[in-house]
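J.:
Protein chains: 2
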Amino acid sequence: MRLVVPVSGSDPKTRLSPVLTPDERREFTEAMLADVLRALRGAGHSPEVVATASVACDAPVTVDERGLDSLINALLAETGELAVVMADLPLLTPPTVEGLFEPDADVVLAPGTGGGTNAFVSRHPDFRVDYHGASILDHRDIARELGANVTEVDSRRLATDIDEPEDLAEVLLHSDGAAGDWLRNAGFELVVDDGRVTAERA
Amino acid sequence: MRLVVPVSGSDPKTRLSPVLTPDERREFTEAMLADVLRALRGAGHSPEVVATASVACDAPVTVDERGLDSLINALLAETGELAVVMADLPLLTPPTVEGLFEPDADVVLAPGTGGGTNAFVSRHPDFRVDYHGASILDHRDIARELGANVTEVDSRRLATDIDEPEDLAEVLLHSDGAAGDWLRNAGFELVVDDGRVTAERA
Chain G
0 MRLVVPVSGS
10 DPKTRLSPVL
20 TPDERREFTE
30 AMLADVLRAL
40 RGAGHSPEVV
50 ATASVACDAP
60 VTVDERGLDS
70 LINALLAETG
80 ELAVVMADLP
90 LLTPPTVEGL
100 FEPDADVVLA
110 PGTGGGTNAF
120 VSRHPDFRVD
130 YHGASILDHR
140 DIARELGANV
150 TEVDSRRLAT
160 DIDEPEDLAE
170 VLLHSDGAAG
180 DWLRNAGFEL
190 VVDDGRVTAE
200 RA
Chain B
0 MRLVVPVSGS
10 DPKTRLSPVL
20 TPDERREFTE
30 AMLADVLRAL
40 RGAGHSPEVV
50 ATASVACDAP
60 VTVDERGLDS
70 LINALLAETG
80 ELAVVMADLP
90 LLTPPTVEGL
100 FEPDADVVLA
110 PGTGGGTNAF
120 VSRHPDFRVD
130 YHGASILDHR
140 DIARELGANV
150 TEVDSRRLAT
160 DIDEPEDLAE
170 VLLHSDGAAG
180 DWLRNAGFEL
190 VVDDGRVTAE
200 RA
């Protein structure tokens with residue numbers, strides 16, 4: 000099955016602007032992508048990257064400026080079967096990826112914290128995506144309206160997408176991959192304050 | 000194996016004070032506890048509740064005013080083997096609970112978002128807890144220093160503890176149990192705003 004990793008290449012991870020410069024956001028995005036690609040390969044897949052602008056990574060990259068919905072829906076229409084895994088999931092491991100492909104269902108959804116859909120596997124020719132808003136709700140509805148057999152995987156590593164400064168602590172807590180190394184080299188460390196753990200720059 | 004669910008019975012979930020009255024916090028705490036107990040029973044366990052003050056629930060309750068560390072460490076010293084699952088995990092399901100008990104390891108840890116430890120199973124007589132700060136780091140260290148075989152489960156449902164108003168959206172998105180019903184009856188609904196999903200009261 001074709002496995003695509005979409006990446007924003009032009010001005011990635013804008014919500015990290017309060018703590019990272021534009022160059023740093025690009026470097027950190029590429030570090031997270033490297034972790035995702037390694038986990039996917041470790042589970043036996045051959046991922047392709049589709050980016051809105053060129054990105055440095057160890058996989059075939061297609062530059063495509065369409066929005067995420069148009070892009071993924073064109074691929075779904077073209078291929079019939081498709082897996083999509085987001086690029087900002089640096090906690091992914093090969094067993095987690097295996098868990099995504101394991102259920103024998105037409106559509107397998109991996110919810111993200113906050114209502115997103117961080118990955119899916121579709122074996123139904125008519126499944127389509129809508130990433131706006133609480134996309135996990137839309138994707139459940141789309142799959143059900145097709146009469147597709149739909150299931151969800153229960154994975155913290157798939158649920159943990161890194162969008163905002165408060166998400167960085169998860170990387171420091173749970174990653175020994177490229178993204179964790181990048182943050183540590185950039186001077187970030189865990190700070191425990193009043194029961195909350197944050198990543199702060201020394 | 001003995002399975003304990005610790006609950007704060009006196010003034011529970013104070014971080015939800017901005018959106019819930021004291022009576023509502025108690026009711027919501029008991030709804031989440033009901034969901035946790037049902038999931039544990041559904042996986043074949045007989046959970047016991049240990050609370051700092053009496054709580055309404057369908058399980059044996061022991062009132063014990065000791066702090067969490069003292070309480071759990073006394074039980075660990077007494078029993079040798081122990082499982083602890085927090086009471087604020089309303090997304091738990093029987094398969095998720097089975098996943099916690101499945102690994103053949105001395106110590107199985109379930110990390111919470113933000114560095115907590117939302118559940119554990121210990122089969123090592125000398126394992127002890129320290130819930131302050133980023134407890135998942137401490138628990139990894141404690142287990143390793145004992146030479147115990149330690150593993151972590153990858154579960155979003157076990158990672159999602161409900162502490163703050165922003166966590167309530169996860170309940171509305173993913174629970175059809177007592178906690179989700181309680182929130183909906185109390186007038187909470189999902190609001191999608193600028194890519195973020197929140198639970199707000201109508």
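Protein chains in written order, with numbering that gives the first Met the number 0: chain G, 0 to 201; chain B, 0 to 201. C-beta atoms are modelled at their ideal positions from N, C-alpha and C, and glycine is treated no differently. Computed from a predicted model, the values in this text were never measured in an experiment.
(1) Less than 8 Å between the beta carbons of A158(B) and G98(B), yes or no?
(2) Taking only beta-carbon positions, decide if H123(G) is within less than 8 Å of chain B.
(3) Does chain G have any CB closer than 8 Å to the CB of P89(B)?
(4) Check T61(B) in the structure and name its three-state DSSP category.
(5) Within its chain, find whatever has a CB closer than 8 Å to the CB of V4(G); leave out the 5 residues flanking it on each side and keep chain order.
(6) Hey, how far is the Cα of V6(G) from the Cα of A55(G)?
(7) Mapping the DSSP letters down to three states, classify F187(B) as helix, strand or coil.
(8) Assign E29(G) to buried or exposed, taking buried as 16 or more other Cβ atoms, counted over all protein chains shown, within 10 Å of its Cβ.
(9) Taking only the alpha-carbon atoms, compute the straight-line gap between D175(B) and G41(B) and give it to the nearest angstrom.
(10) Can a CB atom of chain B be found closer than 8 Å to the CB of A168(G)?
(11) List the DSSP bridge partners of F119(G).
(12) Could you list which residues in chain G have their beta carbon closer than 7 Å to that of S7(B), in chain order?
(13) Under three-state DSSP, which class holds R200(G)?
(14) Is the beta carbon of T197(B) less than 8 Å from the beta carbon of R156(B)?
(15) 8 Å is my cut-off, CB to CB: does V173(B) come that close to chain G?
(16) Is the distance from the Cβ of G186(B) to the Cβ of R200(B) below 8 Å?
T.: On the basis of the coordinates in this document:
(1) One-based indexing of the second sequence puts residue 158(B) at position 159. One-based indexing of the second sequence puts residue 98(B) at position 99. No, they are not a contact pair.
(2) Taking the first sequence and counting its residues from 1, one reaches residue 123(G) at position 124. Output row for H123(G): interface = no.
(3) As a first step, residue 89(B) must be located in the second sequence, where it is residue number 90. Not an interface residue.
(4) The residue labelled residue 61(B) in the question sits at position 62 within the second sequence. It is a strand residue.
(5) Locating residue 4(G) in the first sequence gives position 5, where the first residue counts as 1. So the qualifying residues of the chain are L32, V35, L36, L39, P46, E47, V48, V49, A58, V83, V84, M85, A86.
(6) In the first sequence, counting from the first residue as 1, residue 6(G) sits at position 7. In the first sequence, counting from the first residue as 1, residue 55(G) sits at position 56. If you take the alpha carbons of V6(G) and A55(G), they lie about 11 Å apart.
(7) Walking along the second sequence from the start, residue 187(B) turns up at place 188. Strand.
(8) As a position in the first sequence, residue 29(G) is number 30, starting the count at 1. Under this definition E29(G) is a buried residue.
(9) As a working note, residue 175(B) is residue 176 in the second sequence. As a working note, residue 41(B) is residue 42 in the second sequence. Distance between the alpha carbons of D175(B) and G41(B): 15 Å.
(10) Within the first sequence, residue 168(G) is the residue found at index 169, counting from 1. Yes - at least one Cβ of chain B is within 8 Å of the one on A168(G).
(11) Taking the first sequence and counting its residues from 1, one reaches residue 119(G) at position 120. BP columns for F119(G) point to V83(G), L108(G).
(12) Numbered from 1 along the second sequence, position 8 holds the residue referred to as residue 7(B). In chain order: nothing, as chain G lies at least about 13 Å away.
(13) The sequence position of residue 200(G) within the first sequence is 201, counting from 1. In the displayed model, R200(G) falls within a strand according to three-state DSSP.
(14) Sequence index remark: in the second sequence, residue 197(B) carries index 198 (1-based). Sequence index remark: in the second sequence, residue 156(B) carries index 157 (1-based). The answer is no: Cβ separation not under 8 Å.
(15) Locating residue 173(B) in the second sequence gives position 174, where the first residue counts as 1. Residue identity differs from the one stated: residue 173(B) is His in this sequence, not Val. At least one chain G Cβ lies under 8 Å of H173(B).
(16) Position 187 of the second sequence, counting from 1, holds the residue named residue 186(B). Position 201 of the second sequence, counting from 1, holds the residue named residue 200(B). The Cβ-Cβ distance between G186(B) and R200(B) falls below 8 Å.
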